[in-house]
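K.L.:
Can you keep this structure in mind? I'll have questions shortly.
Number of protein chains: 2
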Amino acid sequence: MKSYETLDPTARILMGPGPSDVHPRVLKALSATTIGHLDPEFLKIMDEVKELLRWVFQTENELTIPISATGSAGMETCFANVFERGERILIGVNGVFGMRMTQVAKKYGLTPITFDKPWGEIIDPDAIGALLETEDDIAGVAVVHAETSTGANQPLEEIGQLCKKHDVIFLVDAVTSLGGIPVKVDEWNIDACYSGTQKCLSCPPGLSPVTFSKKALAKMDARTSDVESWYLDLTMIRKYWTEDDRAYHHTAPINMNYAIREALLILYEEGMESLFARHKLHSKALLAGLAELGIEPQVEEAYRLPQLNAVKIPDGVDDKAVRGALLNKYGIEIGAGLGPLAGKIWRIGLMGNSSNERNVIYFLSSLEQNISKSGAVAAAQKIYSE
Amino acid sequence: MKSYETLDPTARILMGPGPSDVHPRVLKALSATTIGHLDPEFLKIMDEVKELLRWVFQTENELTIPISATGSAGMETCFANVFERGERILIGVNGVFGMRMTQVAKKYGLTPITFDKPWGEIIDPDAIGALLETEDDIAGVAVVHAETSTGANQPLEEIGQLCKKHDVIFLVDAVTSLGGIPVKVDEWNIDACYSGTQKCLSCPPGLSPVTFSKKALAKMDARTSDVESWYLDLTMIRKYWTEDDRAYHHTAPINMNYAIREALLILYEEGMESLFARHKLHSKALLAGLAELGIEPQVEEAYRLPQLNAVKIPDGVDDKAVRGALLNKYGIEIGAGLGPLAGKIWRIGLMGNSSNERNVIYFLSSLEQNISKSGAVAAAQKIYSE
Numbered sequence: 001m002k003s004y005e006t007l008d009p010t011a012r013i014l015m016g017p018g019p020s021d022v023h024p025r026v027l028k029a030l031s032a033t034t035i036g037h038l039d040p041e042f043l044k045i046m047d048e049v050k051e052l053l054r055w056v057f058q059t060e061n062e063l064t065i066p067i068s069a070t071g072s073a074g075m076e077t078c079f080a081n082v083f084e085r086g087e088r089i090l091i092g093v094n095g096v097f098g099m100r101m102t103q104v105a106k107k108y109g110l111t112p113i114t115f116d117k118p119w120g121e122i123i124d125p126d127a128i129g130a131l132l133e134t135e136d137d138i139a140g141v142a143v144v145h146a147e148t149s150t151g152a153n154q155p156l157e158e159i160g161q162l163c164k165k166h167d168v169i170f171l172v173d174a175v176t177s178l179g180g181i182p183v184k185v186d187e188w189n190i191d192a193c194y195s196g197t198q199k200c201l202s203c204p205p206g207l208s209p210v211t212f213s214k215k216a217l218a219k220m221d222a223r224t225s226d227v228e229s230w231y232l233d234l235t236m237i238r239k240y241w242t243e244d245d246r247a248y249h250h251t252a253p254i255n256m257n258y259a260i261r262e263a264l265l266i267l268y269e270e271g272m273e274s275l276f277a278r279h280k281l282h283s284k285a286l287l288a289g290l291a292e293l294g295i296e297p298q299v300e301e302a303y304r305l306p307q308l309n310a311v312k313i314p315d316g317v318d319d320k321a322v323r324g325a326l327l328n329k330y331g332i333e334i335g336a337g338l339g340p341l342a343g344k345i346w347r348i349g350l351m352g353n354s355s356n357e358r359n360v361i362y363f364l365s366s367l368e369q370n371i372s373k374s375g376a377v378a379a380a381q382k383i384y385s386e
Numbered sequence: 001m002k003s004y005e006t007l008d009p010t011a012r013i014l015m016g017p018g019p020s021d022v023h024p025r026v027l028k029a030l031s032a033t034t035i036g037h038l039d040p041e042f043l044k045i046m047d048e049v050k051e052l053l054r055w056v057f058q059t060e061n062e063l064t065i066p067i068s069a070t071g072s073a074g075m076e077t078c079f080a081n082v083f084e085r086g087e088r089i090l091i092g093v094n095g096v097f098g099m100r101m102t103q104v105a106k107k108y109g110l111t112p113i114t115f116d117k118p119w120g121e122i123i124d125p126d127a128i129g130a131l132l133e134t135e136d137d138i139a140g141v142a143v144v145h146a147e148t149s150t151g152a153n154q155p156l157e158e159i160g161q162l163c164k165k166h167d168v169i170f171l172v173d174a175v176t177s178l179g180g181i182p183v184k185v186d187e188w189n190i191d192a193c194y195s196g197t198q199k200c201l202s203c204p205p206g207l208s209p210v211t212f213s214k215k216a217l218a219k220m221d222a223r224t225s226d227v228e229s230w231y232l233d234l235t236m237i238r239k240y241w242t243e244d245d246r247a248y249h250h251t252a253p254i255n256m257n258y259a260i261r262e263a264l265l266i267l268y269e270e271g272m273e274s275l276f277a278r279h280k281l282h283s284k285a286l287l288a289g290l291a292e293l294g295i296e297p298q299v300e301e302a303y304r305l306p307q308l309n310a311v312k313i314p315d316g317v318d319d320k321a322v323r324g325a326l327l328n329k330y331g332i333e334i335g336a337g338l339g340p341l342a343g344k345i346w347r348i349g350l351m352g353n354s355s356n357e358r359n360v361i362y363f364l365s366s367l368e369q370n371i372s373k374s375g376a377v378a379a380a381q382k383i384y385s386e
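Encoded structure:
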């Protein structure tokens, strides 16, 4: 009989594209005693999760719930439920997750019309507006708010206004944005929005918060065809999460719901403005430090995400060796580049609980030592002492 | 600003249809520090989860992994990947989960041909054999091993032989059976099988173990159409779970994988024979006790599941009042009847870590007091002293 070691993962400093560092309070909540999915105490927890999700999504949307799977399942939930076979959707593609949106849309028989932009750039609202003017059979516009593969911050407000004007669905990927930068679902006229738990919410991966506007609900209610997924079919999931009879659909991931409640509560206690200011500050210190080492951001200043800093790997620096040394000698995980940016950038996450001075200083110190340069820590300190 | 209470769910005794009582070791593993989904330490954990799943499924199948969602998503994974639009599948329907199989099959454009039997009875292998003889375009046979809604134990061996003989896929729902009664995937010629974590594995809900035979893999490899789900598409998931390059598909639920590893390890340490003997013993004691109270099993003796005891509510006993008292006065959760059995049966789970003498005795004692009868505890004690 094979023997297995006791589970004891090495504590890491999670500064990649997610998961981020999980607060001990969240891990403690995760390990609370498991109760039934129809237990009155669990139903109360579900209600609180919905309330706190509405707070972080800045919405009054009734249908604001965590899907029982990771972020990509939230993406799939939006496309599968809001649209029907044959509909044409404008999708902004400037990184991995815009590409994924087109793949998911095709799975459901939708016709994606892609706006392609180089990775790291943003989708120009005017171009979307122009197409909405000339084409009259567009069912929706989908963009990625915080493109995790590039670190680009997509402006949403203007696109939301265009979607409202043309009465089309505005679908937004907020996986890496929610909790790190404002996601104003109601104010920006977002109709369908999904996120993940393991980014700026600093909860382990496993759930995908989603929210739907009245316009999206009306479109779902007017469907002439069944939703082509069972597990992600909101017509059934809604009955469990939002109606009084709580009709059983699937067994909710009980402990993950404990965890997301606690993670959201930590954000709620800190407050929205503090959250966003904190993410900005630590990104500023990080980039000031990296500039001293000759390491420049990939994304132009106006569109940089503070929670995911994509930076160019300097000439002569061995990508894999540095990432390996950071992980193995210092316990720091940072992210590699993907697709056309593989080997060219690092993705340094400062998401949620990972966004703090200790992480920034220790990362810069570790990096300095591994590329035999200096000055980064001092430059970051200067930001912190301002 | 609304204030929220500290999360502190009341400890329950989970004797319903799942979730079951979670061992403290599993809750501890669940709360271990979160690491990255591509961290070498996590890749090792993934390999161990696969090994332990092969052990409990009694299979050599390479593709034996946990799907990153609850049991119903495992069901959907099997139908979506193994079959293609237009294929005809024989589905045994004798409870909620056989019905669900037909719903899921239809979502993917399959044609279910149902064998309907009254709830609580089993599907007759001879009837399936007869149909396989007369029809030559059947792609698969799907049955529920342990029907959670009725407590019936479906014999699988003969159906597996028939499927092998006729070269059709044998698809089995082992959500409530795995870990409680033998699930011999290889010996019984099962080609696609899914389970859940919150039944006899005694892990919180959130993952769905699946396993696929070479025959199922060959059929998947020969597909002429894309899998019509993105999140559950095994052509991509396989690359992350079973190939050396570990291509990123979605972020695995890290902590839930810690938990399932620990839960499986607890089963592995106890050993297969002890597990099954334990489930049998405590069911026997429970039913002996209930018999003293005039409470009879719903399912005939040959096909009773020891882990899920469906019993008839005696005349004059108020279903809801008794279940409410058990939960609120004693902390014991038992399951209500569903569909045609609503109000007629209770479903008393003795699954995994919940299957123990303390639970049986305490439940019988609590029930005695609530229906003003006696003798049940003594009858169970007699079984234990044999």
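Protein sequences, first through last, are from chains A and B. Here this note's numbering is used: position 356 in the first sequence is 356, and no number is missing along the way. Here this note's numbering is used: position 285 in the second sequence is 285, and no number is missing along the way. Positions of the beta carbon are idealized from the N, C-alpha and C atoms, including for glycine.
Would you be able to state if there are at least three C-beta pairs under 8 Å between the region 135-155 of chain B and the region 258-266 of chain B?
P.N.:
Contact fails: fewer than three Cβ-Cβ distances are below 8 Å.
K.L.:
So His37(A) packs on Ile237(A), CB below 8 Å; how close in whole Å?
P.N.:
13 Å between Cβ atoms; not a contact.
K.L.:
What three-state label does DSSP hand Val227(A) in the structure shown?
P.N.:
It is coil, neither helix nor strand.
K.L.:
In chain B, which residues lie with their C-beta within 8 Å of the C-beta of Glu333(A)?
P.N.:
Those within 8 Å of Glu333(A) in chain B are Ile35, Gly36, Asp39.
K.L.:
The region 127-158 of chain B: which residues have C-beta closer than 9 Å to a C-beta of chain A, in chain order?
P.N.:
Those would be none; no residue qualifies.
K.L.:
Using a Cβ cut-off of 8 Å, pull out every chain B residue sitting near Asp319(A), in sequence order please.
P.N.:
What Asp319(A) touches in chain B: nothing, since even the nearest Cβ is about 15 Å away.
K.L.:
Could you tell me if Met1(A) is buried or exposed, where buried requires 16 or more neighbouring beta carbons within 10 angstroms of its beta carbon?
P.N.:
Exposed, by the Cβ-count rule.
K.L.:
On the DSSP letters alone, give me the boundaries of the beta strand (DSSP E) that Leu350(B) sits inside.
P.N.:
Here Leu350(B) belongs to no beta strand (DSSP E), and DSSP marks it neither H nor E.
K.L.:
Please list the partners that Tyr4(B) has in chain A, where partner means a Cβ-to-Cβ separation under 7 Å.
P.N.:
By Cβ distance, chain A contributes Glu48, Leu265.
K.L.:
Determine the DSSP secondary structure at Glu121(B), reduced to helix, strand or coil.
P.N.:
If DSSP states are grouped into helix, strand and coil, Glu121(B) belongs with coil.
K.L.:
Leaving aside the five residues before and after Lys239(A) along the sequence, list all residues of the same chain whose C-beta is less than 8 Å from its C-beta, in chain order.
P.N.:
Excluding sequence neighbours, Lys239(A) sits near Asp245, Arg246, Ala247, His249.
K.L.:
Sorted by chain position, which residues of the same chain lie with C-beta nearer than 7 Å to Ser355(A)'s C-beta, five sequence neighbours on each side aside?
P.N.:
Taken in chain order, the residues that qualify are Arg278, His279, His282, Gln307.
K.L.:
Starting from the Cα of Pro17(B), find the closest Cα among Asp39(B), Leu7(B), Glu147(B), Leu171(B) and give me that residue.
P.N.:
Cα-wise, what sits closest to Pro17(B) is Glu147(B).
K.L.:
Closest Cβ-Cβ distance between Asn370(A) and chain B: below 8 Å?
P.N.:
Asn370(A) does not count as touching chain B.
K.L.:
Mind listing the chain A neighbours of Ser366(B)? Cutoff is C-beta to C-beta under 7 Å, in chain order.
P.N.:
Those do not exist, as Ser366(B) stays about 17 Å from chain A at its closest Cβ, beyond 7 Å.
K.L.:
In the DSSP assignment, the alpha helix (DSSP H) including Asp83(A) goes from what residue to what residue?
P.N.:
Inspection of the sequence shows that residue 83(A) is occupied by Phe rather than by Asp. Run containing Phe83(A): none; DSSP gives neither H nor E here.
K.L.:
Contact defined as beta carbons within less than 8 Å: I believe Gly289(B) pairs with Leu364(B). What is the distance between those atoms, to the nearest angstrom?
P.N.:
Between Leu364(B) and Gly289(B) the Cβ distance is about 4 Å, and since that is below 8 Å, they are a contact.
K.L.:
In its own chain, which residues sit with a C-beta less than 7 Å from the C-beta of Leu327(A), not counting the 5 before and 5 after it?
P.N.:
Same-chain partners within the cutoff: Glu333.
K.L.:
Below 8 Å between beta carbons: does that hold for Pro297(B) and Arg304(B)?
P.N.:
Going by C-beta atoms, Pro297(B) is nearer than 8 Å to Arg304(B).
K.L.:
Does any C-beta atom of chain A lie closer than 8 Å to the C-beta of Gly71(B)?
P.N.:
Chain A, which has a Cβ nearer than 8 Å to the Cβ of Gly71(B), makes this yes.
K.L.:
Are the CB atoms of Ser383(B) and Ala285(B) nearer to each other than 8 Å?
P.N.:
Reading the sequence as shown, one finds Ile at residue 383(B) and not Ser. Contact flag set, yes.
K.L.:
Spell out whether any CB of chain B is found under 8 Å from the CB atom of Gln103(A).
P.N.:
Yes, contact with chain B.
K.L.:
Taking C-beta to C-beta, are Ala380(A) and Leu367(A) nearer than 8 Å?
P.N.:
Contact: no.
K.L.:
Can you give me the start and stop residues for the beta strand (DSSP E) that Ala310(A) sits inside?
P.N.:
308-312 is the span of the beta strand (DSSP E), which, as asked, contains Ala310(A).
K.L.:
In terms of alpha-carbon separation, which member of Glu386(A), Gly352(A), Ala378(A) lies closest to Met15(A)?
P.N.:
With distances taken between Cα atoms, Met15(A) lies closest to Gly352(A).
K.L.:
Would you mind giving the Cβ-Cβ distance between Tyr194(A) and Ser208(A), rounded to the nearest angstrom? I have them listed as a contact below 8 Å.
P.N.:
Right, the Cβ-Cβ distance comes to about 6 Å (below 8 Å), so this counts as a contact.
K.L.:
Measure from the C-beta of His23(B) to each C-beta in chain A and report whether the shortest distance is under 8 Å.
P.N.:
Chain A contact via Cβ: absent.
K.L.:
Quick check on Gly92(B): buried or exposed, where buried means 16 or more other Cβ atoms within 10 Å of its Cβ?
P.N.:
Buried is the call here.
K.L.:
Please name the residue, chosen from Gln154(A), Ile45(A), Gly335(A), that lies closest to Ala302(A) on a Cα-to-Cα basis.
P.N.:
With distances taken between Cα atoms, Ala302(A) lies closest to Gln154(A).
K.L.:
Any residues in the region 206-229 of chain B with a beta carbon nearer than 9 Å to a beta carbon of chain A? Which ones, in chain order?
P.N.:
Correct list: Gly206, Leu207, Asp226, Val227, Glu228, Ser229.
K.L.:
In chain order, what residues of the same chain have a beta carbon less than 7 Å from the beta carbon of Arg323(B), not counting five sequence neighbours either side?
P.N.:
Cβ neighbours of Arg323(B) beyond the five flanking positions: Ile334, Ala336.
K.L.:
I want to verify the contact list: residues of chain B whose CB lies under 7 Å from the CB of Ile254(A), in sequence order.
P.N.:
Neighbours of Ile254(A) on chain B, chain order: Pro19, Pro204, Pro205.
K.L.:
Please say whether Asn81(A) and Val172(A) have beta carbons closer to each other than 8 Å?
P.N.:
Contact: no.
K.L.:
Is Tyr231(B) close to chain A, meaning its C-beta is less than 8 Å from at least one C-beta of that chain?
P.N.:
Yes, Tyr231(B) counts as interfacial toward chain A.
K.L.:
Is there a C-beta anywhere in chain B that falls below 8 Å from the one on Gln307(A)?
P.N.:
It does not: the Cβ of Gln307(A) has no partner Cβ on chain B nearer than 8 Å.
K.L.:
Does DSSP put Cys78(B) in a helix, a strand or coil?
P.N.:
Of the three classes helix, strand and coil, the one that applies to Cys78(B) here is helix, per DSSP.
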